[in-house]
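Each number in our numbering comes from the position in the sequence shown (counting from 1) with 267 added on.
Cβ atoms here follow ideal geometry from the backbone N, Cα and C, with glycine treated the same way.
Structure record follows, encoded as structure tokens.
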Amino acid sequence: MHTTLSLRRRLRTTLIAGGLALASTVLWAHGDVTPQAVDTKTLPQLGAKWLPSNPYSSGPAAKEALRIGTSAYNQNCARCHGLEAISGGIAPDLRKMDADCTGMADVPKKNACLAEMDDYYVATVRRGRTRDGRVYMPPFEATLSQEAIWAIRTYLETRREK
């Protein structure tokens, strides 16, 4: 009986220590969440007025926007939204952001839905998300240019779930 009680205590102590170690890892898993600037000088500059949709989705700048957007996503978004936009559960899975739109058969409705998602995306990235005084996503407007934000969107468009 004494051996059984001793084993239970050791097991409980081990489980508690393991739980604390796991909690500590999760707490510090995000690392530095300070937004990182993105060099977009090789992209066509868009000016001060925000565009309503992604100008880099197609055309000659698309490949460069994808290159920059991939790097910018990894620097600024992956720590919460996951590598390759696959969420680990901390923040929304960005592959599914347009899911309600992409399956629509009616082209005008699909385009209107995608335009709404562009608007939601830009507003969220620029101003962040706060609920009940808690910051769920920091604002990036002071750090990321319009070019960088649309380049990240270009990357996310390649990550959409089929």
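Paired residues, beta bridge with residue i - DSSP
| i | result |
| --- | --- |
| residue 404 | 396 |
Exposure of residue i, with buried meaning 16 or more beta-carbon neighbours within 10 Å
| i | result |
| --- | --- |
| residue 428 | exposed |
| residue 419 | buried |
| residue 336 | buried |
| residue 387 | exposed |
| residue 402 | exposed |
| residue 373 | exposed |
Sequence-distant residues of its chain with Cβ nearer than 8 Å to residue i (five each side left out)
| i | result |
| --- | --- |
| residue 312 | 414 |
| residue 342 | 303, 305 |
Own chain residues within Cβ distance below 7 Å of residue i, not counting five before or after
| i | result |
| --- | --- |
| residue 363 | 428 |
| residue 339 | 305, 415, 418, 419 |
Cβ separation of residue i and residue j, assumed to be a contact under 8 Å, to the nearest whole Å
| i | j | result |
| --- | --- | --- |
| residue 361 | residue 423 | 5 Å |
- Task: Count the CB pairs spanning the stretch 351-358 and the stretch 319-332 that are closer than 8 Å, and state whether there are at least three.
- Result: no
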